[in-house]
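*Asks:* Just passing along the structure, written as structure tokens.
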Amino acid sequence: MLNEMEMKAIIEGLLFISGEEGIDEKQIADVLEIDIVMVKELLSNLIEQYRSETRGMQIVELAGVYQLTTKQEHAPYFKRLINSPNSATLSQAALETLAIVAYKQPITRAEIEEIRGVKSERPIQSLVSKVLVKEVGRVEGTGRAILYGTTNDFLDHFGLKSLRELPPLPEKEDDTALEEADLFFQRLQENLVEN
Amino acid sequence: MLNEMEMKAIIEGLLFISGEEGIDEKQIADVLEIDIVMVKELLSNLIEQYRSETRGMQIVELAGVYQLTTKQEHAPYFKRLINSPNSATLSQAALETLAIVAYKQPITRAEIEEIRGVKSERPIQSLVSKVLVKEVGRVEGTGRAILYGTTNDFLDHFGLKSLRELPPLPEKEDDTALEEADLFFQRLQENLVEN
Amino acid sequence: MDIYNVKLDAFEGPLDLLLHLITKAEVDIYDIPLAKITDQYMNYIHTMQILELDVASEYLVMAATLLAIKSKMLLPKQEEELFNDEHDFVEEEDPREELMNRLIEYRRYKGAAETLKEKEKERGLIYSRTPSDLSPYVEEVKQEPQKINASIYDMIDAFNQLLKRKQQKIPRKTKINREDFPIEKRMEEIIEQLNQMNGKTSFYQLFHYQERGQLIVTFLAVLELMKAQKIICKQNNNFSDISVCRWEEETFVK
Numbered sequence: 004m005l006n007e008m009e010m011k012a013i014i015e016g017l018l019f020i021s022g023e024e025g026i027d028e029k030q031i032a033d034v035l036e037i038d039i040v041m042v043k044e045l046l047s048n049l050i051e052q053y054r055s056e057t058r059g060m061q062i063v064e065l066a067g068v069y070q071l072t073t074k075q076e077h078a079p080y081f082k083r084l085i086n087s088p089n090s091a092t093l094s095q096a097a098l099e100t101l102a103i104v105a106y107k108q109p110i111t112r113a114e115i116e117e118i119r120g121v122k123s124e125r126p127i128q129s130l131v132s133k134v135l136v137k138e139v140g141r142v143e144g145t146g147r148a149i150l151y152g153t154t155n156d157f158l159d160h161f162g163l164k165s166l167r168e169l170p171p172l173p174e175k176e177d178d179t180a181l182e183e184a185d186l187f188f189q190r191l192q193e194n195l196v197e198n
Numbered sequence: 004m005l006n007e008m009e010m011k012a013i014i015e016g017l018l019f020i021s022g023e024e025g026i027d028e029k030q031i032a033d034v035l036e037i038d039i040v041m042v043k044e045l046l047s048n049l050i051e052q053y054r055s056e057t058r059g060m061q062i063v064e065l066a067g068v069y070q071l072t073t074k075q076e077h078a079p080y081f082k083r084l085i086n087s088p089n090s091a092t093l094s095q096a097a098l099e100t101l102a103i104v105a106y107k108q109p110i111t112r113a114e115i116e117e118i119r120g121v122k123s124e125r126p127i128q129s130l131v132s133k134v135l136v137k138e139v140g141r142v143e144g145t146g147r148a149i150l151y152g153t154t155n156d157f158l159d160h161f162g163l164k165s166l167r168e169l170p171p172l173p174e175k176e177d178d179t180a181l182e183e184a185d186l187f188f189q190r191l192q193e194n195l196v197e198n
Numbered sequence: 013m014d015i016y017n018v019k020l021d022a023f024e025g026p027l028d029l030l031l032h033l034i035t036k037a038e039v040d041i042y043d044i045p046l047a048k049i050t051d052q053y054m055n056y057i058h059t060m061q062i063l064e065l066d067v068a069s070e071y072l073v074m075a076a077t078l079l080a081i082k083s084k085m086l087l088p089k090q091e092e093e094l095f096n097d098e099h100d101f102v103e104e105e106d107p108r109e110e111l112m113n114r115l116i117e118y119r120r121y122k123g124a125a126e127t128l129k130e131k132e133k134e135r136g137l138i139y140s141r142t143p144s145d146l147s148p149y150v151e152e153v154k155q156e157p158q159k160i161n162a163s164i165y166d167m168i169d170a171f172n173q174l175l176k177r178k179q180q181k182i183p184r185k186t187k188i189n190r191e192d193f194p195i196e197k198r199m200e201e202i203i204e205q206l207n208q209m210n211g212k213t214s215f216y217q218l219f220h221y222q223e224r225g226q227l228i229v230t231f232l233a234v235l236e237l238m239k240a241q242k243i244i245c246k247q248n249n250n251f252s253d254i255s256v257c258r259w260e261e262e263t264f265v266k
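Here you go:
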């Protein structure tokens, strides 16, 4: 039986070889032949250790997997050596389209275009080719339009653990007031019908 | 001025992102804006630290180039990772190679290696052993290098009727913005010349 | 009006342009002064045509919509009221309502896109490494076809990672050139150049760099500065040289 120190070292090695693909708790559990609860404990232990020491790397959870990455504050030093991975950032058109897909998935191209008010074939194609968006199904019935959704790369690209971590969509402001009025009317009508 | 701890952390990060290519003393000195003597000292310090702690990685030096690698004694765990039914059975290397074979077949090992930029004997073997890729012929002339192509199992596995059903490959970069800028320039210059 | 505010591709479509006009005019999105906004919108379309830019059909459809709403709002109210007398409860529908709803909806996603952009920027500051080649650890005994946990998208994804990896290879010194010429720096230089020349210069003079990449960076910097309302571009008539001025109040007083 391995001791805790050794298991943490192996987890570190696993994180290292997995690189930007990352590794999930289940995979670690399989390799070490221990249960998930224990994996969680060792991981949080290791994450804490990385945090408390002056280290060049950190362990982050991205798109449901754990990854070893460099630290934000060291970015200026790496920029001198390497081209930034995200130096080719997304165009405004792509970002808008992606935001719509992220919050309304699954969604068709026509629905995206209705919201944006412009043709969106190109940004969708560009997002698909960057594997940030993918086909997730088809609308039933005639036409069978493609339904789009976001990928795991999308989560990774924006540093999100999961879709639940998406920041809330901006409110429609006065909407609540309108909804309440609607609700009131609805109730009123129901009452009138009943009587 | 950075203190020693911080400089070591940055060196650790540099080793981490340099991957298999590694990094030399001169590059580190340039990034940190310190002299080589100091770099040597910090490096030997960091190597010692890695040695004394139970870690998942080690720093190795080869011909003046430093590299962060996993430890030999952890190899059995990496084997388990790749053979565990739960993990993505195909490694990144194998998937890349498979994509190249699928889209560029028939193709030789040398051509695959040129695209990937790394030796690819192992991933090819692994794909052959999984019956996803097979020898489909030989290049004529001296050497008679093996030509690889995909198998029927490959089509079955990915739910394709034929190779023509393969989705389009991602593009290299989104050049739309640049193209549009070019177009604008062209028009602008035409206009200016006219007057 | 002889000042053409060149905005070009700074907008993502008619809704984006309308939102910009509404924000700039500091008016309430729930009570859009339609006559004013329509005029500004038409003026913009006109400018695009003068610059011989393709005006996408969506912009023209929106122009037609705006004009239709405008004329509907000019209909004499009294006549309608005559007919509506017996339907006191029927609320007068604002012809602007549908447009307003679309603008509000679009604005939400534009906001979300902003947030995503921030997150993208933050994420861009952390680096990982290419996964190690695990194939040395593969046990090469299996000859039988086996179940494989990978989809066609995993394969495309892997190829995509390969492209990314090739793009971010550690540069061999010379590759740094592009980094030496960021848009932000060029934007500062343009402002600096304007300051030295009493706030006005010729558009053409900004493009004294030779290399294509530099030309494009300059052009993008000009667009960014216009969008940020730091500069304004003027063209007195068709095909004459465009002058670039610092954005100042007096620019409009003239």
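Chains as they are written, first to last, in the numbering used here: chain A, 4 to 198; chain B, 4 to 198; chain C, 13 to 266. For glycine and all other residues, C-beta sits at the position ideal for the given N, C-alpha and C. Computed from a predicted structure; not experimentally measured.
Do you know how far the Cα of residue 132 (chain B) is from the Cα of residue 159 (chain B)?
*Replies:* Reading the second sequence from its first residue, position 156 is the one you call residue 159 (chain B). Reading the second sequence from its first residue, position 129 is the one you call residue 132 (chain B). Distance between the alpha carbons of residue 159 (chain B) and residue 132 (chain B) is about 16 Å.
*Asks:* Could you work out which residues of chain B lie near residue 34 (chain A), taking near to mean beta carbons separated by less than 7 Å?
*Replies:* Walking along the first sequence from the start, residue 34 (chain A) turns up at place 31. Per Cβ cutoff of 7 Å: 80, 83, 84 and 87.
*Asks:* Can you tell me whether residue 140 (chain A) is helix, strand or coil according to DSSP?
*Replies:* The sequence position of residue 140 (chain A) within the first sequence is 137, counting from 1. DSSP places residue 140 (chain A) in strand when its eight states are reduced to three.
*Asks:* Helix, strand or coil for residue 165 (chain B) per DSSP?
*Replies:* What you label residue 165 (chain B) is simply residue 162 of the second sequence in a count that begins at 1. Looking at residue 165 (chain B) - three-state DSSP - the assignment turns out to be coil, as it is neither helix nor strand.
*Asks:* Which term fits residue 10 (chain A), buried or exposed, when burial requires 16 or more other beta carbons within 10 angstroms of its beta carbon?
*Replies:* Residue numbering aside, residue 10 (chain A) sits at position 7 when the first sequence is read from its first letter. Looking at its Cβ environment, which holds 16 or more other Cβ atoms inside 10 Å, residue 10 (chain A) is buried.
*Asks:* What are the partner residues of residue 8 (chain A), as DSSP defines its beta bridges?
*Replies:* Along the first sequence, one-based indexing puts residue 8 (chain A) at 5. Paired residue(s): none; residue 8 (chain A) is not in a bridge.
*Asks:* Where does residue 151 (chain B) land, buried or exposed, given buried means 16+ other C-beta within 10 angstroms?
*Replies:* Taking the second sequence and counting its residues from 1, one reaches residue 151 (chain B) at position 148. Its Cβ being crowded by 16 or more others within 10 Å, residue 151 (chain B) is buried.
*Asks:* Compare the Cα-Cα distances from residue 37 (chain A) to each of A:4, A:108 and A:112 and report the closest residue.
*Replies:* By one-based count along the first sequence, residue 37 (chain A) stands at place 34. It is A:4.
*Asks:* So residue 123 (chain C) is in the alpha helix (DSSP H); what residue range does that whole segment cover?
*Replies:* Stepping through the third sequence from its first residue, residue 123 (chain C) is reached at position 111. Looking at the DSSP string, the run of the alpha helix (DSSP H) that includes residue 123 (chain C) is 109–135.
*Asks:* Considering residue 212 (chain C), what are the terminal residues of the beta strand (DSSP E) in which it resides?
*Replies:* Translated into positions along the third sequence, residue 212 (chain C) becomes position 200. Unbroken beta strand (DSSP E) run through residue 212 (chain C): 212–214.
*Asks:* State the Cα-Cα distance for the pair residue 91 (chain B) and residue 134 (chain A), rounded to the nearest angstrom.
*Replies:* Locating residue 91 (chain B) in the second sequence gives position 88, where the first residue counts as 1. Locating residue 134 (chain A) in the first sequence gives position 131, where the first residue counts as 1. Bear in mind that the predicted position of residue 91 (chain B) carries a pLDDT of just 47, short of 50, making it unreliable; the figure below should be weighed with that in mind. When rounded, the distance between both Cα atoms is 18 Å.
*Asks:* Compile a chain-ordered list of the residues in the region 10–29 of chain B whose CB is closer than 9 Å to at least one CB of chain C.
*Replies:* So the close ones are 16, 19, 20, 21, 22, 23, 24 and 26.
*Asks:* Quick one: which residues of the region 91–119 of chain B get their C-beta closer than 7 Å to a C-beta of chain E? List them in chain order.
*Replies:* As a matter of chain content, chain E is missing from the structure shown, whose protein chains are A, B and C.
*Asks:* Sorted by chain position, which residues of the same chain lie with C-beta nearer than 7 Å to residue 113 (chain C)'s C-beta, five sequence neighbours on each side aside?
*Replies:* As a working note, residue 113 (chain C) is residue 101 in the third sequence. So no residue of the chain qualifies.
*Asks:* Mind reading off the beta-carbon distance from residue 2 (chain B) to residue 62 (chain B)? Whole number of angstroms is fine, and I expect it under 8 Å.
*Replies:* With chain B covering only 4 through 198, there is no way to say anything about residue 2 (chain B).
*Asks:* Which residues does DSSP list as the beta-bridge partners of residue 53 (chain B)?
*Replies:* By 1-based counting over the second sequence, the position of residue 53 (chain B) is 50. DSSP lists no partner for residue 53 (chain B).
*Asks:* Over what stretch of residues does the beta strand (DSSP E) that includes residue 258 (chain C) continue unbroken?
*Replies:* The residue labelled residue 258 (chain C) in the question sits at position 246 within the third sequence. Its beta strand (DSSP E) spans residues 255–258.
*Asks:* Is the CB of residue 149 (chain C) under 7 Å away from at least one CB in chain B?
*Replies:* Position 137 of the third sequence holds residue 149 (chain C). Yes, residue 149 (chain C) lies at the interface with chain B (some Cβ there is under 7 Å from its Cβ).
*Asks:* Could you tell me the distance, in whole angstroms, from the CA atom of residue 105 (chain B) to the CA atom of residue 82 (chain B)?
*Replies:* Position 102 of the second sequence, counted from the first residue, corresponds to residue 105 (chain B). Position 79 of the second sequence, counted from the first residue, corresponds to residue 82 (chain B). Taking the straight line from one Cα to the other gives about 27 Å.
*Asks:* Using CA atoms only, rank isn't needed, just tell me which of A:171, A:123, A:26 and A:13 is closest to residue 95 (chain B).
*Replies:* Residue 95 (chain B) sits at position 92 when you count from the first residue of the second sequence. Ranking A:171, A:123, A:26 and A:13 by Cα distance to residue 95 (chain B) puts A:26 first.
*Asks:* Could you check what DSSP says for residue 57 (chain C) in three-state terms: helix, strand or coil?
*Replies:* For the purposes of this step, residue 57 (chain C) is identified with residue 45 of the third sequence, where counting begins at 1. Here residue 57 (chain C) sits in helix by DSSP.
*Asks:* Mind checking whether residue 111 (chain A) and residue 148 (chain A) have CB atoms under 7 Å apart?
*Replies:* Locating residue 111 (chain A) in the first sequence gives position 108, where the first residue counts as 1. Locating residue 148 (chain A) in the first sequence gives position 145, where the first residue counts as 1. Yes; because the gap between Cβ atoms is below 7 Å, this pair is in contact.
*Asks:* Excluding the 5 residues preceding and the 5 following residue 47 (chain C) in the sequence, name in chain order all residues of the same chain whose CB lies nearer than 7 Å to its CB.
*Replies:* Locating residue 47 (chain C) in the third sequence gives position 35, where the first residue counts as 1. Excluding sequence neighbours, residue 47 (chain C) sits near 82.
*Asks:* Using DSSP's beta-bridge definition, name the partner residues of residue 27 (chain B).
*Replies:* On the second sequence, residue 27 (chain B) is found 24 positions in, with the first residue counted as 1. The partner list for residue 27 (chain B) (beta bridge, DSSP) reads B:68.
*Asks:* Which residues of chain B have a Cβ atom closer than 8 Å to the Cβ of residue 163 (chain C), listed in chain order?
*Replies:* Position 151 of the third sequence, counted from the start, is the residue given in the question as residue 163 (chain C). The contacting residues are 161.
*Asks:* Would you tell me roughly how many angstroms separate the C-alpha atoms of residue 156 (chain B) and residue 67 (chain C), rounded to the nearest one?
*Replies:* In the second sequence, residue 156 (chain B) corresponds to position 153, counting from 1. In the third sequence, residue 67 (chain C) corresponds to position 55, counting from 1. The straight-line gap from Cα to Cα measures roughly 50 Å.
*Asks:* Cα-Cα, which of A:173, A:153 and A:175 is closest to residue 165 (chain A)?
*Replies:* Start at 1 with the first residue of the first sequence, and residue 165 (chain A) comes out as number 162. Checking every option, the nearest Cα to that of residue 165 (chain A) belongs to A:153.
*Asks:* Are residue 141 (chain C) and residue 22 (chain A) close, meaning C-beta to C-beta below 7 Å?
*Replies:* The count along the third sequence starts at 1 and reaches residue 141 (chain C) at position 129. The count along the first sequence starts at 1 and reaches residue 22 (chain A) at position 19. Yes; because the gap between Cβ atoms is below 7 Å, this pair is in contact.
*Asks:* Of all Cβ atoms in chain A, is any one closer than 7 Å to the Cβ of residue 107 (chain C)?
*Replies:* Taking the third sequence and counting its residues from 1, one reaches residue 107 (chain C) at position 95. No, residue 107 (chain C) lies away from the interface with chain A (no Cβ there is under 7 Å from its Cβ).
*Asks:* Rounding to the nearest angstrom, what Cα-Cα distance links residue 18 (chain B) and residue 84 (chain B) in this structure?
*Replies:* One-based indexing of the second sequence puts residue 18 (chain B) at position 15. One-based indexing of the second sequence puts residue 84 (chain B) at position 81. C-alpha separation (whole angstroms): 24 Å.
*Asks:* Do you know how far the Cα of residue 28 (chain A) is from the Cα of residue 68 (chain A)?
*Replies:* If you number the first sequence from 1, residue 68 (chain A) lands on position 65. If you number the first sequence from 1, residue 28 (chain A) lands on position 25. About 8 Å.
*Asks:* In angstroms with no decimal places, state the Cα-to-Cα distance between residue 138 (chain C) and residue 73 (chain A).
*Replies:* Here residue 138 (chain C) corresponds to residue number 126 of the third sequence, with the count starting at 1. Here residue 73 (chain A) corresponds to residue number 70 of the first sequence, with the count starting at 1. Rounded to the nearest angstrom, the two C-alpha atoms are 5 Å apart.
*Asks:* If we define contact as Cβ-Cβ less than 7 Å, is residue 43 (chain A) a contact residue for chain C?
*Replies:* Counting from one through the first sequence, the residue named residue 43 (chain A) turns up at place 40. So, not an interface residue.
*Asks:* For residue 133 (chain A), does the three-state DSSP call read helix, strand or coil?
*Replies:* Stepping through the first sequence from its first residue, residue 133 (chain A) is reached at position 130. It is coil, neither helix nor strand.
*Asks:* Assign residue 59 (chain B) to one of three DSSP states: helix, strand, or coil.
*Replies:* Walking along the second sequence from the start, residue 59 (chain B) turns up at place 56. Here residue 59 (chain B) sits in coil by DSSP.
*Asks:* With burial defined as no fewer than 16 other Cβ atoms inside 10 Å of the residue's Cβ, what is the status of residue 230 (chain C): buried or exposed?
*Replies:* Sequence index remark: in the third sequence, residue 230 (chain C) carries index 218 (1-based). Its Cβ being crowded by 16 or more others within 10 Å, residue 230 (chain C) is buried.
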